[in-house]
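Visitor: Okay, handing you the structure first.
Numbering (my numbering), first residue to last: 1 to 388.
Below, the structure written as structure tokens:
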């Protein structure tokens, strides 16, 4: 492509956009975008990406009136965290490879560009080899890796879902909306369940590929995370947080090895869901953390971040039952409801271990802080059923 790929939202020009949309067949070869009006879409929504709505004016031809552009975040701390997790290449490959034939609602993709350096696969291999290092060296390695914010050009151009209602994780949702979302999630999980799960790739890995590295990250962040959590969790919740010191590493392998794998969204929460006027789920966005693992992790993550704290556990069990019924209807026959419930509780504790990585992100404006506060309050309520 003659015109360099933009690195920042403000670098997107009419000439580049015309060129890439023509090349992708979104607009005709003789079409011409004359001007772009950009509206940035807020802090506290995308922690590792910057997002904007682009309103397009054409001097020749026609095409989408608006599109959504997404690039790696300008916040260096968050961008370094995103790079260390491989989220930028992963989301592009999810849209242009993994999900092309998947039975899951998602936005139309106008362009998905990641200019690979060729080092990505080698980096993963180095991280796998590093698993053999003593824990103190792993912790030092992670500190170094998480300061590298040099990301190659990467951009997504997606359908603008402005006619749909975006979920709001700060506001949360009621059990009816939660059941709709979990039904779609169950059908998606069933489509990639067990042997049907797509093969491993360096950008599509098992969620437990480097368990000791995950635990090293927890150890690096433990004290600050415990201080953060202590201001938001009950004593029961904090007892589980403290227990991670001894149980965290074993829990990663136990859940992943004992449960059938499927395609996990990895960040299945209300802010990444769009609902149609009839209440159905219109699209799921933000595929930066897609991976292979137990479907119950997406389920626990969604429930713990979405339902009001005073939601009765009987309602939670009903949502789990609905998810399981949909799995069975879609052809999953090797996973009992009793096993799902046990894995859900185990999944809550594993997610608590992973939440220690929040220390590596800046939350942006007041909404980002409010999101974290409400998330921890809801998560704490769901932890009450889990025995110490």
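Just so you know, even glycine gets a beta-carbon here, dropped at the ideal spot from N, CA and C.
Under DSSP, the alpha helix (DSSP H) around residue 302 begins and ends at which residues?
Guide: Numbered from 1 along the chain shown, position 302 holds the residue referred to as residue 302. Run containing residue 302: 296-306, per the alpha helix (DSSP H) assignment.
Visitor: Our contact map puts residue 111 next to residue 24 with C-beta atoms below 8 Å; I'd like the distance itself, whole angstroms only.
Guide: As a first step, residue 111 is located in the chain shown; it is residue number 111 there, counting from the start. As a first step, residue 24 is located in the chain shown; it is residue number 24 there, counting from the start. Indeed they touch by this definition, with Cβ atoms about 5 Å apart.
Visitor: What residue ranges within the segment 228-275 form continuous alpha helix (DSSP H) runs of no fewer than 4 residues, ordered along the chain?
Guide: Listed in chain order, they are 235-258.
Visitor: Output the distance between the C-alpha atoms of residue 83 and residue 154, rounded to the nearest integer angstrom.
Guide: Against the chain shown, residue 83 aligns to sequence position 83. Against the chain shown, residue 154 aligns to sequence position 154. For residue 83 and residue 154, the distance between alpha carbons rounds to 11 Å.
Visitor: Please state whether DSSP places residue 112 in a helix, a strand or coil.
Guide: The residue given as residue 112 occupies position 112 in the chain shown. Correct three-state label for residue 112: strand.
Visitor: I'd like to check one pair, residue 181 with residue 264: are the Cβ atoms closer than 7 Å?
Guide: Translated into the one-based positions of the chain shown, residue 264 becomes position 264. Translated into the one-based positions of the chain shown, residue 181 becomes position 181. Not a contact, by the Cβ cut-off of 7 Å.
Visitor: Please list the terminal residues of the continuous alpha helix (DSSP H) segment that includes residue 56.
Guide: Here the question's residue 56 lines up with position 56 in the chain shown. No alpha helix (DSSP H) contains residue 56, which is instead part of the beta strand (DSSP E) from 49-60.
Visitor: Which residues bound the beta strand (DSSP E) around residue 79?
Guide: In the chain shown, residue 79 corresponds to position 79, counting from 1. No beta strand (DSSP E) contains residue 79, which is instead part of the alpha helix (DSSP H) from 76-85.
Visitor: Going by C-alpha to C-alpha distance, which of 352, 335, 207 and 200 sits closest to residue 245?
Guide: Working through the chain shown from its first residue, we reach residue 245 at position 245. The residue with the shortest Cα to Cα distance from residue 245 is 352.
Visitor: Run through DSSP, which three-state label would residue 281 get?
Guide: Residue mapping note: residue 281 aligns to position 281 of the chain shown, counting from 1. Residue 281: strand per DSSP, three-state reduction.
Visitor: Hey, would you say residue 231 sits closer than 7 Å to residue 241, going by beta carbons?
Guide: Here residue 231 is taken as the residue at index 231 of the chain shown, counted from 1. Here residue 241 is taken as the residue at index 241 of the chain shown, counted from 1. Cβ distance not < 7 Å, so residue 231 and residue 241 don't count as in contact.
Visitor: Which residues bound the alpha helix (DSSP H) around residue 176?
Guide: Counting from one through the chain shown, the residue named residue 176 turns up at place 176. From DSSP, the alpha helix (DSSP H) with residue 176 extends over 175-191.
Visitor: Count the other C-beta atoms from every protein chain shown that fall within 10 angstroms of the C-beta of residue 132, then say buried if there are 16 or more, exposed otherwise.
Guide: Taking the chain shown and counting its residues from 1, one reaches residue 132 at position 132. Under this definition residue 132 is an exposed residue.
Visitor: Just how far apart, CA to CA, sit residue 218 and residue 145?
Guide: Position 218 of the chain shown holds residue 218. Position 145 of the chain shown holds residue 145. Their backbone Cα atoms lie some 15 Å apart in a straight line.
Visitor: Can you confirm whether the segment 121-135 touches the segment 19-37 when touching is taken to mean that 3 or more C-beta pairs between the two stretches lie within less than 8 Å?
Guide: With a cut-off of 8 Å, the segment 121-135 and the segment 19-37 do not count as touching, because too few Cβ pairs lie within range.
Visitor: Rounded C-beta distance between residue 106 and residue 99? I'm assuming under 8 Å.
Guide: Here residue 106 is taken as the residue at index 106 of the chain shown, counted from 1. Here residue 99 is taken as the residue at index 99 of the chain shown, counted from 1. Contact flag correct, Cβ pair sits at about 6 Å.
Visitor: Give me whichever residues DSSP pairs with residue 66 in a beta bridge.
Guide: In the chain shown, the residue the question calls residue 66 occupies position 66. Answer is 55.
Visitor: Sort 350, 249, 196 and 357 by Cα distance to residue 80 and report the nearest one.
Guide: As a first step, residue 80 must be located in the chain shown, where it is residue number 80. Minimum Cα distance to residue 80 is reached at 357.
Visitor: Determine the closest residue to residue 248 out of 208, 74, 114 and 64, with distance taken between C-alpha atoms.
Guide: Taking the chain shown and counting its residues from 1, the one referred to as residue 248 is at position 248. Checking every option, the nearest Cα to that of residue 248 belongs to 208.
Visitor: Residues in its own chain within less than 6 Å of residue 7 by CB, not counting five upstream and five downstream?
Guide: For the purposes of this step, residue 7 is identified with residue 7 of the chain shown, where counting begins at 1. Excluding sequence neighbours, residue 7 sits near 153.
Visitor: Does the segment 53-71 come into contact with the segment 314-332, if we say contact requires no fewer than three beta-carbon pairs (one atom in each stretch) closer than 8 Å?
Guide: No: the two stretches stay apart, fewer than three of their Cβ pairs being nearer than 8 Å.
Visitor: Taking only the alpha-carbon atoms, compute the straight-line gap between residue 17 and residue 164 and give it to the nearest angstrom.
Guide: Taking the first residue of the chain shown as 1, we reach residue 17 at position 17. Taking the first residue of the chain shown as 1, we reach residue 164 at position 164. Those two C-alpha atoms are separated by around 25 Å.
Visitor: Nearest to residue 115 by alpha carbon, out of 5, 350, 258 and 298?
Guide: Reading the chain shown from its first residue, position 115 is the one you call residue 115. Ranking the options by Cα distance to residue 115, first place goes to 5.
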